[in-house]
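Position 9 of the sequence shown, counting from 1, maps to 9 under the working numbering, and the rest follow consecutively.
Idealized CB from N, CA, C, for every residue including glycine.
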Amino acid sequence: MICALARIDGDVVGVVANQPLVLAGVLDIKASEKAARFVRFCDAFNIPLVTLVDVPGFLPGTDQEHAGIIRHGAKLLYAYCEATVPRVQVIVRKAYGGAYIVMDSRSIGADLSLAWPTNEIAVMGAEGAVNVIFRRELAAATDPGALRTELIAGYAEALVQPYYAAERGLIDAVIAPAQTRAAVASGLGMLRTKRDMPLQRKHGNAPL
């Protein structure tokens with residue numbers, strides 16, 4: 001996970017980004033805690049957040065599960081949900097499953113969600129989804145390999161693309177990669193006067 005302070009149009013912003021060169025950018029316990037701590041830091045000092053998403057999911061495995069990946073991943077979810085600063089999400093490539101939700105999606109309160117036209121937004125990859133959804137059809141097929149290839153292509157074209165997500169309000173705009181900085185700057189400018197009135201309660205129940 002990459003966490004850094006940067007400047008956009010002269011204003012300081014906090015950048016949270018998956019690192020695809022390390023474990024393909026998955027969220028594991030250490031990455032979740034690092035990002036959660038940084039999100040809390042930015043919110044404490046009123047620093048807007050820009051989240052660059054390229055995540056294939058949470059890291060699978062018994063070691064992560066025994067160490068509490070769900071609880072630690074929930075820390076990042078909680079940090080984003082409690083943050084009241086302007087929040088802009090940019091999906092640059094992969095956005096799969098619960099990890100996509102945790103990376104400041106519209107579902108947990110991101111103010112603006114942008115996506116590149118080449119990205120993939122889905123519960124899981126097309127290959128895995130086809131194996132689950134069309135299991136019986138593949139088992140009964142005379143040529144399961146050819147049928148699987150056809151189904152994967154159709155599933156990816158219909159569902160695993162940003163325009164499908166935009167139709168359902170999961171993202172606000174599909175932008176060209178070259179427009180990213182300008183679109184983020186414009187979004188942050190629009191959100192400069194954001195005011196978020198928290199619920200009147202003593203405090204939340206953080207997943208400690």
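Inset, instruction - Name the residue from Gly14, Pro56, Thr51 and Gly109 whose alpha carbon lies nearest to the alpha carbon of Leu21. - result: Closest option to Leu21, judged by alpha-carbon separation, among Gly14, Pro56, Thr51 and Gly109: Pro56.
Legend entry - Candidates Arg136, Cys81, Val15 and Gly187, of which the one nearest Ile108 by Cα: Selected option, being the one with the closest Cα: Cys81.
Legend entry - N-terminal and C-terminal residue of the beta strand (DSSP E) that Val123 is part of: According to the DSSP assignment, Val123 belongs to no beta strand (DSSP E), since it is labelled neither H nor E.
Inset, instruction - Please confirm if the segment 34-53 is in contact with the segment 78-97, defined as three or more CB-CB distances below 8 Å between the two stretches. - result: The segment 34-53, when compared against the segment 78-97, does touch it at the 8 Å Cβ threshold.
Legend entry - Residue environment, Met1, which counts as buried when at least 16 other CB atoms sit within 10 Å: Counting every other CB atom within 10 Å of its CB across the protein chains shown gives Met1 a total of 16 or more, marking it as buried.
Inset, instruction - Note down, in chain order, each residue of its chain lying with its Cβ closer than 6 Å to the Cβ of Ala219, except the 5 sequence neighbours on either side. - result: The chain is shown only over 1 to 208; residue 219 falls outside these bounds and no answer can be derived.
Inset, instruction - Out of Val53, Ala83 and Leu27, point me to the one whose CA is closest to Arg71's CA. - result: Comparing Cα positions, the closest option is Leu27.
Inset, instruction - Using a threshold of 9 Å, state whether the C-beta atoms of Ala99 and Phe58 are closer than that. - result: Yes, these two residues count as a Cβ contact at 9 Å.
Inset, instruction - Following the continuous alpha helix (DSSP H) through Ile69, name the residue where it begins and the one where it ends. - result: DSSP places Ile69 inside the alpha helix (DSSP H), whose first and last residues are Ile69 to Glu82.
Legend entry - Pro117 versus Pro177, Asp63 and Val123, residue with shortest Cα-Cα distance: With distances taken between Cα atoms, Pro117 lies closest to Pro177.
Inset, instruction - Give a yes or no on whether the C-beta atoms belonging to Leu5 and Ala35 are separated by under 9 Å. - result: Contact: no.
Inset, instruction - Using 10 angstroms around the beta-carbon of Asp143, count the other beta-carbons present and answer buried if the total reaches 16, otherwise exposed. - result: So Asp143 counts as exposed.
Legend entry - Chain-order list of residues whose beta-carbon lies under 6 Å from that of Val13 (same chain, five-residue window excluded): So the list reads Ala6, Pro48 and Val50, once near-sequence residues are dropped.
Legend entry - Reduced DSSP category for Arg195 - H, G, I as helix; E, B as strand; rest coil: Collapsing the DSSP output to three states places Arg195 in coil.
Inset, instruction - Let me know the secondary structure DSSP gives Phe134 once reduced to three states. - result: It is coil, neither helix nor strand.
Legend entry - Which of helix, strand or coil DSSP assigns to Leu208: Coil.
Legend entry - Per-residue DSSP class, three states only, for Thr51: Strand at Thr51.
Legend entry - Span separating the alpha-carbon of Lys194 from that of Cys3: So the two alpha carbons sit approximately 23 Å from each other.
Legend entry - As assigned by DSSP and simplified to three states, the class of Asn34: In the sequence on display, residue 34 carries Lys and not Asn. Helix, per DSSP.
Legend entry - Ala83, buried or exposed, once every other Cβ within 10 Å from all chains shown has been counted against 16: Counting Cβ neighbours within 10 Å, Ala83 comes out buried, since at least 16 surround it.
Inset, instruction - Grab me the residues of Gly189's own chain with a C-beta within less than 8 Å of its C-beta, minus the 5 sequence neighbours each way, in chain order. - result: Closer than 8 Å at Cβ, skipping near neighbours: Asp9.
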